[in-house]
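Asks: As they're listed, the protein sequences go chains A and B.
The opening position of the first sequence corresponds to residue 27 in my numbering, with each subsequent residue numbered one higher.
The opening position of the second sequence corresponds to residue 27 in my numbering, with each subsequent residue numbered one higher.
Where a beta carbon is used, it is the ideal one built from N, C-alpha and C, also for glycine.
Please read these numbers as outputs of a predicted model, since none were measured by experiment.
The structure follows.
There are 2 protein chains.
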Amino acid sequence: MLKIILPDEYNFCFGVERALELAREHMNNGDSFDTLGEIIHNPHVVKEFEEKGIKVINSPEESTKRKILIRSHGVPPETIEKIKSLGKEIIDATCPFVKHAHDSARKLVEEGYFLLIIGKKYHPEVIGIQGHAHGKGCVVINGEEVEQLNLRGKKVGIVSQTTMLLWNVQDVITAVLKQNPKEVRYINTRCSTTERRQNATRELAKKVDVMIIVGGKHSSNTNRLYEIAKEHAPAAYLIESYEELKPEWFEKARIVGITGGASTPPQDVLKVKEIIEKI
Amino acid sequence: MLKIILPDEYNFCFGVERALELAREHMNNGDSFDTLGEIIHNPHVVKEFEEKGIKVINSPEESTKRKILIRSHGVPPETIEKIKSLGKEIIDATCPFVKHAHDSARKLVEEGYFLLIIGKKYHPEVIGIQGHAHGKGCVVINGEEVEQLNLRGKKVGIVSQTTMLLWNVQDVITAVLKQNPKEVRYINTRCSTTERRQNATRELAKKVDVMIIVGGKHSSNTNRLYEIAKEHAPAAYLIESYEELKPEWFEKARIVGITGGASTPPQDVLKVKEIIEKI
Numbered sequence: 027m028l029k030i031i032l033p034d035e036y037n038f039c040f041g042v043e044r045a046l047e048l049a050r051e052h053m054n055n056g057d058s059f060d061t062l063g064e065i066i067h068n069p070h071v072v073k074e075f076e077e078k079g080i081k082v083i084n085s086p087e088e089s090t091k092r093k094i095l096i097r098s099h100g101v102p103p104e105t106i107e108k109i110k111s112l113g114k115e116i117i118d119a120t121c122p123f124v125k126h127a128h129d130s131a132r133k134l135v136e137e138g139y140f141l142l143i144i145g146k147k148y149h150p151e152v153i154g155i156q157g158h159a160h161g162k163g164c165v166v167i168n169g170e171e172v173e174q175l176n177l178r179g180k181k182v183g184i185v186s187q188t189t190m191l192l193w194n195v196q197d198v199i200t201a202v203l204k205q206n207p208k209e210v211r212y213i214n215t216r217c218s219t220t221e222r223r224q225n226a227t228r229e230l231a232k233k234v235d236v237m238i239i240v241g242g243k244h245s246s247n248t249n250r251l252y253e254i255a256k257e258h259a260p261a262a263y264l265i266e267s268y269e270e271l272k273p274e275w276f277e278k279a280r281i282v283g284i285t286g287g288a289s290t291p292p293q294d295v296l297k298v299k300e301i302i303e304k305i
Numbered sequence: 027m028l029k030i031i032l033p034d035e036y037n038f039c040f041g042v043e044r045a046l047e048l049a050r051e052h053m054n055n056g057d058s059f060d061t062l063g064e065i066i067h068n069p070h071v072v073k074e075f076e077e078k079g080i081k082v083i084n085s086p087e088e089s090t091k092r093k094i095l096i097r098s099h100g101v102p103p104e105t106i107e108k109i110k111s112l113g114k115e116i117i118d119a120t121c122p123f124v125k126h127a128h129d130s131a132r133k134l135v136e137e138g139y140f141l142l143i144i145g146k147k148y149h150p151e152v153i154g155i156q157g158h159a160h161g162k163g164c165v166v167i168n169g170e171e172v173e174q175l176n177l178r179g180k181k182v183g184i185v186s187q188t189t190m191l192l193w194n195v196q197d198v199i200t201a202v203l204k205q206n207p208k209e210v211r212y213i214n215t216r217c218s219t220t221e222r223r224q225n226a227t228r229e230l231a232k233k234v235d236v237m238i239i240v241g242g243k244h245s246s247n248t249n250r251l252y253e254i255a256k257e258h259a260p261a262a263y264l265i266e267s268y269e270e271l272k273p274e275w276f277e278k279a280r281i282v283g284i285t286g287g288a289s290t291p292p293q294d295v296l297k298v299k300e301i302i303e304k305i
């Protein structure tokens with residue numbers, strides 16, 4: 027008998043939940059708007075909105091609607107200015123954790139710190155953080171990348187993309203210290219929901235034979251969960267939908283763990299559970 | 027043939043050199059003073075001063091002189107007040123690097139940070155730092171000690187005793203990050219002379235068969251050098267004087283490295299070299 031375990035929490039994260047609620051509220055009010063980028067990294071949800079006429083646009087100019095929704099990832103201030111200059115209104119669904127990263131990064135730059143942003147280069151959230159930090163900020167993902175910089179004698183300010191692992195932060199700061207900076211000031215901008223989800227995934231992965239992560243393959247937070255699962259479970263797979271499940275993954279398994287990313291609808295996780303039960 | 031290598035730098039450190047110069051200057055001016063604690067952790071130098079009537083006192087009240095010299099380690103503000111209240115003058119030989127630690131610790135406390143001082147509990151320098159930080163500051167030497175604290179959600183400010191190893195700082199900060207603090211602000215108060223000396227000792231230790239560290243056994247910085255030597259050389263010994271040298275240490279050695287602590291007179295190091303050459 028295959029035993030399947032789900033963590034206590036596999037809902038949308040707070041920021042995504044809030045963005046979706048805001049979008050649905052405006053939709054129900056009959057508002058005319060597009061979303062700047064996919065509202066969440068989930069093809070099913072994106073499709074649901076598209077069917078109701080809400081398009082995913084890549085730049086403010088593409089929109090023919092009266093309003094533009096900024097998703098939970100946030101945008102640089104120039105994008106906000108651009109939308110305003112086009113005479114359009116903004117529905118701001120930027121996650122408050124991301125806003126904290128914006129404010130912290132800007133504050134560090136304004137106080138004279140050399141800014142490091144721990145995150146993925148070109149990730150929309152990172153681009154937003156950099157924008158709010160007056161375009162400053164060097165993006166690094168680990169200590170190795172810090173070695174390319176010269177931080178000796180500098181006041182180094184650090185924030186991270188909200189979904190970064192504790193490990194990334196520790197590795198970057200350890201490398202920064204090696205360079206003998208004058209000061210290191212790290213403002214914690216990791217999101218607590220993400221951290222709880224990462225911890226729950228780690229604990230679950232340790233108990234199971236196979237770990238299934240359900241979520242968008244382009245989603246940063248989902249990929250972090252997949253990394254954790256690979257490290258702690260004998261086998262781990264990242265899928266976007268139950269259709270990708272392969273019976274051979276479960277041949278020798280007695281216990282299977284399933285969880286979803288911050289933007290994975292809980293019903294997708296439950297659907298995967300249902301299908302595995304039938305295998 | 028035994029080969030003996032000395033590092034480029036084995037002089038007194040800047041702060042000790044400065045304290046000794048200040049003391050000698052006042053001595054040559056015929057000033058009457060005592061030193062609060064040993065001016066440097068070196069029995070030979072202490073004896074030299076004692077022979078000229080300059081006594082080592084343990085508290086300001088013990089002095090019968092007109093002036094009291096504060097050595098490079100520094101003292102808490104209460105000690106300065108005490109000396110003044112006794113109507114005595116101060117010869118302040120506090121190392122500027124230690125003063126930077128005082129100022130940084132005070133600033134962090136005044137800006138609302140929960141202060142950690144990386145250092146040895148009850149070390150005179152640490153007592154001085156704590157005093158200048160309004161009596162605040164939790165003293166920790168490594169990450170394990172950080173685990174005893176609850177730093178979750180706190181703004182954590184960190185300074186270190188000037189002679190701490192980079193490793194101590196990295197280990198403490200890694201452990202602090204694990205607790206999910208709101209912010210971590212580390213002001214680098216490690217002394218650059220100490221760091222250079224530590225790096226030079228590490229490089230030298232890697233090249234030799236036996237490493238000899240010459241310095242006071244109670245000296246914090248000398249003990250750090252000894253730790254580094256033990257880690258990187260096949261054998262390492264800490265001695266206060268050439269009289270402690272044992273011929274059997276060098277029986278199988280082809281290359282010997284010698285260095286001294288921040289308060290080791292260079293002639294002591296050269297004397298050790300001379301004796302080893304004769305072995």
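#1: Starting from Met-53 of chain A, trace the alpha helix (DSSP H) in both directions and tell me its first and last residue.
#2: Quick one: any contact between the stretch 176-186 of chain B and the stretch 161-179 of chain A, if contact means 3 or more CB pairs under 8 Å?
#3: Residue ranges of each alpha helix (DSSP H) run of no fewer than 4 residues wholly in the stretch 239-290 of chain A, ordered along the chain?
#4: Hey, is Val-210 of chain B's beta-carbon within less than 8 Å of any beta-carbon in chain A?
#5: Could you name the residues of the stretch 163-185 of chain B whose beta carbon sits closer than 8 Å to any beta carbon of chain A, in the order they occur along the chain?
#6: Measuring only the C-alpha atoms, how far is Val-210 of chain A from Ile-144 of chain A?
#7: What are the start and end residues of each continuous alpha helix (DSSP H) run of 4 or more residues lying completely inside the stretch 105-169 of chain A, in chain order?
#8: Of the choices B:Ile-66, B:Leu-62, B:His-99, whose alpha-carbon is the least far from that of Lys-81 of chain B?
#9: Does the beta carbon of Arg-96 of chain A come closer than 8 Å to any beta carbon on chain B?
#10: Residues in its own chain within less than 7 Å of Glu-303 of chain A by CB, not counting five upstream and five downstream?
#11: Using only the alpha-carbon positions, how far apart do Gln-174 of chain B and Asp-197 of chain A sit?
#12: Within 10 Å of its beta-carbon, does Ile-301 of chain B have 16 or more other beta-carbons around it, so buried, or fewer, so exposed?
#13: Threshold first: 3 residues or longer. Then list the beta strand (DSSP E) segments lying entirely within the stretch 169-220 of chain A, N to C.
#14: Could you give the distance in angstroms between the alpha-carbon of Lys-78 of chain A and the alpha-carbon of Leu-142 of chain B?
#15: Which one of B:Gln-205, B:Ser-289, B:Val-101 has the shortest CA to CA distance from Leu-251 of chain B?
#16: Report yes or no: is there a C-beta of chain C within less than 8 Å of the C-beta of Asn-68 of chain B?
#17: CB-CB under 7 Å to Tyr-139 of chain B, same chain, minus the five flanking residues each way: which ones, in chain order?
#18: Taking the straight line between their C-alpha atoms, what separation do you get for Glu-74 of chain A and Ile-66 of chain A?
#19: Run the CB neighbour count on Gly-287 of chain B, radius 10 Å, all protein chains shown included, and call it buried at 16 or more, exposed below.
#20: What residues match up with Leu-95 of chain A in a beta bridge as DSSP calls it?
#21: Going by C-alpha to C-alpha distance, which of A:Val-124, A:Glu-104, A:Ser-111, A:Arg-132 sits closest to Ala-45 of chain A?
#22: Let me confirm a value: Ser-85 of chain A is counted as buried when at least 16 other C-beta atoms fall within 10 Å, else exposed. Which label applies?
#23: Any Cβ of chain B within less than 8 Å of the Cβ of Thr-220 of chain A?
Replies: Put simply:
#1: Here the question's residue 53 of chain A lines up with position 27 in the first sequence. From DSSP, the alpha helix (DSSP H) with Met-53 of chain A extends over 40-54.
#2: In short, these stretches do not touch, since the Cβ pair count stays below three.
#3: Inside the stretch 239-290 of chain A, DSSP marks whole alpha helix (DSSP H) runs of 4 or more residues at positions 246-258, from first to last along the chain.
#4: Position 184 of the second sequence, counted from the first residue, corresponds to residue 210 of chain B. Chain A contact via Cβ: present.
#5: Within the stretch 163-185 of chain B, no residue qualifies.
#6: On the first sequence, position 184 is the one that residue 210 of chain A refers to. On the first sequence, position 118 is the one that residue 144 of chain A refers to. One C-alpha to the other measures close to 14 Å.
#7: Uninterrupted alpha helix (DSSP H) stretches at least 4 residues long and entirely within the stretch 105-169 of chain A occur at 122-136, 150-158, given in chain order.
#8: As a first step, residue 81 of chain B must be located in the second sequence, where it is residue number 55. For the options B:Ile-66, B:Leu-62, B:His-99, the alpha carbon positioned closest to that of Lys-81 of chain B is the one of B:Leu-62.
#9: Residue mapping note: residue 96 of chain A aligns to position 70 of the first sequence, counting from 1. What sits at residue 96 of chain A in the sequence shown is Ile, not Arg. For Ile-96 of chain A, no Cβ of chain B is located within less than 8 Å of the residue's own Cβ.
#10: Within the first sequence, the letter at position 277 stands for residue 303 of chain A. So the qualifying residues of the chain are Ile-30.
#11: Numbered from its first residue, the second sequence carries residue 174 of chain B at position 148. Numbered from its first residue, the first sequence carries residue 197 of chain A at position 171. Spanning the two alpha carbons is a distance of roughly 22 Å.
#12: Sequence index remark: in the second sequence, residue 301 of chain B carries index 275 (1-based). With fewer than 16 Cβ atoms within 10 Å of its Cβ, Ile-301 of chain B is classed as exposed.
#13: Taking 3 residues as the shortest admissible run, the stretch 169-220 of chain A contains the following complete beta strand (DSSP E) segments, listed from N- to C-terminal end: 181-186, 209-213.
#14: Along the first sequence, read from residue 1 onward, the residue named residue 78 of chain A stands at position 52. Along the second sequence, read from residue 1 onward, the residue named residue 142 of chain B stands at position 116. One C-alpha to the other measures close to 56 Å.
#15: As a first step, residue 251 of chain B must be located in the second sequence, where it is residue number 225. Comparing alpha-carbon positions, the option among B:Gln-205, B:Ser-289, B:Val-101 lying closest to Leu-251 of chain B turns out to be B:Ser-289.
#16: The structure shown contains no chain C; its protein chains are A and B.
#17: For this step, residue 139 of chain B is matched to residue 113 along the second sequence. Taken in chain order, the residues that qualify are Lys-181, Val-182, Gly-183, Arg-211.
#18: Numbered from 1 along the first sequence, position 48 holds the residue referred to as residue 74 of chain A. Numbered from 1 along the first sequence, position 40 holds the residue referred to as residue 66 of chain A. Glu-74 of chain A and Ile-66 of chain A have their C-alpha atoms spaced approximately 12 Å apart.
#19: Reading the second sequence from its first residue, position 261 is the one you call residue 287 of chain B. Burial call: buried.
#20: What you label residue 95 of chain A is simply residue 69 of the first sequence in a count that begins at 1. A:Thr-61, A:Ile-117, per the DSSP bridge assignment.
#21: Taking the first sequence and counting its residues from 1, one reaches residue 45 of chain A at position 19. Here the closest residue by C-alpha is A:Val-124.
#22: What you label residue 85 of chain A is simply residue 59 of the first sequence in a count that begins at 1. Burial call: exposed.
#23: Your numbering for residue 220 of chain A matches position 194 in the first sequence. Chain B, which has no Cβ nearer than 8 Å to the Cβ of Thr-220 of chain A, makes this no.
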